[in-house]
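*Asks:* According to the working numbering, the sequence shown is numbered sequentially starting from 2.
Cβ atoms here follow ideal geometry from the backbone N, Cα and C, with glycine treated the same way.
Values in this document were obtained by computation on a predicted structure and should not be read as measured data.
Below you'll find the structure I mean.
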Amino acid sequence: MSKTVAILTQGCKVNQYESEAIAEAFGAAGFAVISPTLSADVYVINTCTVTAESDRKAGQLIRRVQNQNPDAIVLVTGCFAQADTAAVASIPGVDYICGNDRKLSVVEAAKTLLAAGKNDPPTLAVGKLEEAAFEPMRITRFDRTRAYVKIEDGCENRCAYCAIPGARGRVRSKPLADVVAEVEGLVAGGCREVVLTGIETASWGRDLEGASLMDLLEAVDVIPGLERMRLGSLYPTLITENFTHRLGALSHLAPHFHLSVQSGSSAVLAAMRRRYTAEEAMAALQRLRKAVPLAEFTADFIVGFPGESDAHFAETLRFVEEAEFLQIHVFSYSRRKGTVAATLPGQIPTAVKKARSAELIAKGLACRDRRLQKALEHPHRTVLFETLEEGFALGHTDHFLEVAVPSHRPLHGELHPVVLRAVENGRLIAEWEDRPCKNK
């Protein structure tokens, strides 16, 4: 009987991609990959360290699997494992710890430990990321409507609040030919939409001679059978005149962009060590809107950064109002040991951070509703359907507008034309349109 492995994943889309690659590698080695809710012979915990709460939850996951099966082999990888190896090693029951440069090593480690038995103290395989290359990995399967493809690892922006550069290291790019081959395989397997993502997606190609992210987008754009291509979070400085000019010529890029803005105050952005002003971020957004008709934008914001005054926060509210984002993700500043921001004066009280977060979220929801109402001006859309809930098929347009259409059968992975009719509860209600769909 095959040995079983369960994989538990925290954090970002990159971690989720890497866990899928790990699962496929275990499957190729003869393991049965099972649900993390079941008792397994081997557990892999792929950790995050973006906040102190992430670290705490990683520890909880490790202890939980120990309770499920005290005899199981426990392997820990990811950002928490890389950034604080000693803390992970101190948790009883951990057998193997590896860093972000060798995640696939958990497969061989599992085979070795299953033969030899549990390991105390754990084996440490955490290398120096300054010397690391891009770890070759790929996926061939996808569980959802779209597939995330990791194109880049590492970040060199060194923002004052962020612990991720220390956990992920310098920028390393997946070679262009490898990205194209992976997307070709996914499309051949029925994938309709791919999302190219990384720790700092905009940095792809920085470590490759004569390469830029736009070169990669142009190469993926011509893959036969590809319906939609999306991008992970973008740093505003990427969006130059040349970039937007070439972007407008792409055939399959979805007209939806997620920007890592963080604040609408230039003073706060400077304190964060972001490399742009609020005015430059707004100009980048407007540049994209001009180049890509009907483009929709989502964004990340942090409230309560040390020194953020009421006036600074008011600037962020005005920025969101002017930008008219389809959706914003709001995070309260979390103090991280070892970062510049942790030692800054003017730390904001928790109550103030909560109040600002609630106000900015409310502002974002009001902007969303306006964008959805505006979408009704262009009612003819094509939706890639994902789920079925309470008599409605739910999916997204290429602009990332969420749409619900009455249906009693699942339409997962199908593309259908619809006519937008109304806005209800933060999403668009549509009816079927009698024109050909694009399903294969």
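Restricting to Cα atoms, I'd like to know which of Asp-208, Thr-50, Ala-363, Asp-102 is closest to Ala-88.
*Replies:* Per the Cα distances, Thr-50.
*Asks:* Per DSSP, which one or two residues make a beta bridge with Val-6?
*Replies:* In the DSSP output, where bridge partners are listed per residue, Val-6 has Val-34, Val-43.
*Asks:* Please report the distance separating the alpha-carbon of Lys-375 from that of Gly-211.
*Replies:* In a straight line, the C-alpha of Lys-375 is about 41 Å away from that of Gly-211.
*Asks:* By alpha-carbon positions, which one of Gln-17, Gly-79, Thr-241, Val-419 ends up nearest to Asp-102?
*Replies:* Cα-wise, what sits closest to Asp-102 is Gly-79.
*Asks:* When the Cα of Ser-267 is compared with those of Ala-279, Val-223, Pro-256, which residue comes out closest?
*Replies:* The shortest Cα separation from Ser-267 among Ala-279, Val-223, Pro-256 belongs to Ala-279.
*Asks:* Since Ala-292 sits in a beta bridge, which residues does DSSP pair it with?
*Replies:* In DSSP, Ala-292 forms no bridge with anything.
*Asks:* Can you tell me the Cβ-Cβ gap for Leu-115 and Ile-74, rounded? I've got them flagged as a contact below 8 Å.
*Replies:* That belief holds up - the Cβ atoms of Leu-115 and Ile-74 are roughly 6 Å apart, short of 8 Å.
*Asks:* Rounded to whole angstroms, how far is the Cβ of Val-221 from the Cβ of Met-230, which I believe are closer than 8 Å?
*Replies:* Val-221 to Met-230, Cβ: 6 Å. Contact.
*Asks:* Could you check whether the stretch 330-343 touches the stretch 379-387, counting it as contact only if at least three pairs of C-beta atoms, one from each stretch, sit closer than 8 Å?
*Replies:* They do not touch, by the three-pair rule.
*Asks:* Check this for me: beta carbons of Gly-308 and Gly-347, under 8 Å apart or not?
*Replies:* Yes; because the gap between Cβ atoms is below 8 Å, this pair is in contact.
*Asks:* May I ask you to check if the CB of Thr-86 is nearer than 7 Å to at least one heavy atom of the ligand ADP?
*Replies:* For the structure depicted, the ligand ADP is absent and the ligand set is empty, with no information on it obtainable.
*Asks:* On the DSSP bridge list, what partners appear for Tyr-162?
*Replies:* In the DSSP output, where bridge partners are listed per residue, Tyr-162 has none listed.
*Asks:* Tell me which residue opens and which closes the alpha helix (DSSP H) that Ala-363 is part of.
*Replies:* That run of the alpha helix (DSSP H) goes 351-376.
*Asks:* Run the CB neighbour count on Met-273, radius 10 Å, all protein chains shown included, and call it buried at 16 or more, exposed below.
*Replies:* It counts as buried.
*Asks:* Would you call the CB atoms of Thr-52 and Ala-59 closer than 8 Å?
*Replies:* No, these two residues do not count as a Cβ contact at 8 Å.
*Asks:* Report the residue from His-253, Met-2, His-400, Ala-423 whose alpha carbon sits nearest the alpha carbon of Pro-407.
*Replies:* When only C-alpha atoms are compared, the closest one is Ala-423.
*Asks:* How close, in whole Å, do the beta carbons of Leu-530 and Val-321 come, if the pair is a contact with beta carbons under 8 Å?
*Replies:* Given a span of 2 to 441 for the chain in the structure shown, any question on residue 530 remains unanswerable.
*Asks:* Cβ of Ala-110 within 8 Å of Cβ of Leu-62?
*Replies:* Against a cut-off of 8 Å, the Cβ pair of Leu-62 and Ala-110 comes out as no contact.
*Asks:* For a test of the three-state rule: what should DSSP assign to Ile-224, helix, strand or coil?
*Replies:* Here Ile-224 sits in coil by DSSP.
*Asks:* Expressed to the nearest angstrom, what Euclidean distance is found between the alpha-carbon atoms of Glu-434 and Val-419?
*Replies:* Roughly 5 Å separates the two Cα atoms.
*Asks:* What does the alpha-carbon distance come out to for the pair Ile-430 and Leu-289?
*Replies:* If you take the alpha carbons of Ile-430 and Leu-289, they lie about 27 Å apart.
*Asks:* On a CA-only basis, which of Glu-185, Glu-25, Pro-137, Leu-130 is nearest Ile-165? Give me that one, please.
*Replies:* The shortest Cα separation from Ile-165 among Glu-185, Glu-25, Pro-137, Leu-130 belongs to Leu-130.
*Asks:* Taking all protein chains shown into account, decide if Ala-82 is buried (16 or more other Cβ within 10 angstroms of its Cβ) or exposed.
*Replies:* Looking at its Cβ environment, which holds 16 or more other Cβ atoms inside 10 Å, Ala-82 is buried.
*Asks:* Please state if the CB of Glu-183 and the CB of Lys-104 are separated by a distance shorter than 8 Å.
*Replies:* No. Outside cutoff.
*Asks:* Kindly list the residues whose CB is nearer than 6 Å to the CB of Ala-168, restricted to its own chain and excluding five residues on each side of it in sequence; keep chain order.
*Replies:* Same-chain partners within the cutoff: Thr-50, Cys-80, Gln-83, Ala-84.
*Asks:* Note down, one range per segment and in chain order, each beta strand (DSSP E) of at least 3 residues found wholly within the stretch 281-337.
*Replies:* Listed in chain order, they are 297-304, 328-333.
*Asks:* For Val-1 versus Ala-24, is the C-beta distance shorter than 8 Å?
*Replies:* Because the chain spans 2 through 441 in this model, residue 1 falls outside it and cannot be assessed.
*Asks:* With C-beta atoms as the reference, is Arg-276 less than 8 Å away from Thr-238?
*Replies:* A contact, by the Cβ cut-off of 8 Å.
*Asks:* Just to confirm, is the Cβ distance from Phe-143 to Leu-197 under 8 Å?
*Replies:* Result no, Cβ atoms of Phe-143 and Leu-197 do not sit closer than 8 Å.
*Asks:* Quick one: give me the first and last residue of the alpha helix (DSSP H) that Arg-147 is part of.
*Replies:* Per DSSP, Arg-147 belongs to no alpha helix (DSSP H); it is in the beta strand (DSSP E), 147-154.
*Asks:* Within its chain, find whatever has a CB closer than 6 Å to the CB of Thr-124; leave out the 5 residues flanking it on each side and keep chain order.
*Replies:* Cβ neighbours of Thr-124 beyond the five flanking positions: Tyr-97.
*Asks:* Measuring only the C-alpha atoms, how far is Gln-17 from Ser-213?
*Replies:* Near 25 Å, if we compare the C-alpha coordinates of Ser-213 and Gln-17.
*Asks:* Within 10 angstroms of its Cβ, does Gly-305 collect 16 or more other Cβ (buried), or is it exposed?
*Replies:* It is buried - the Cβ of Gly-305 has at least 16 other Cβ atoms within 10 Å.
*Asks:* Three-state secondary structure (DSSP) at Ala-126?
*Replies:* Ala-126: strand per DSSP, three-state reduction.
*Asks:* Which stretch, first to last residue, makes up the beta strand (DSSP E) that contains Gly-60?
*Replies:* Segment 53-69 is the alpha helix (DSSP H) holding Gly-60; no beta strand (DSSP E) there.
*Asks:* Let me know the secondary structure DSSP gives Ser-239 once reduced to three states.
*Replies:* Checking the sequence shown, residue 239 turns out to be Leu, not Ser. Helix at Leu-239.
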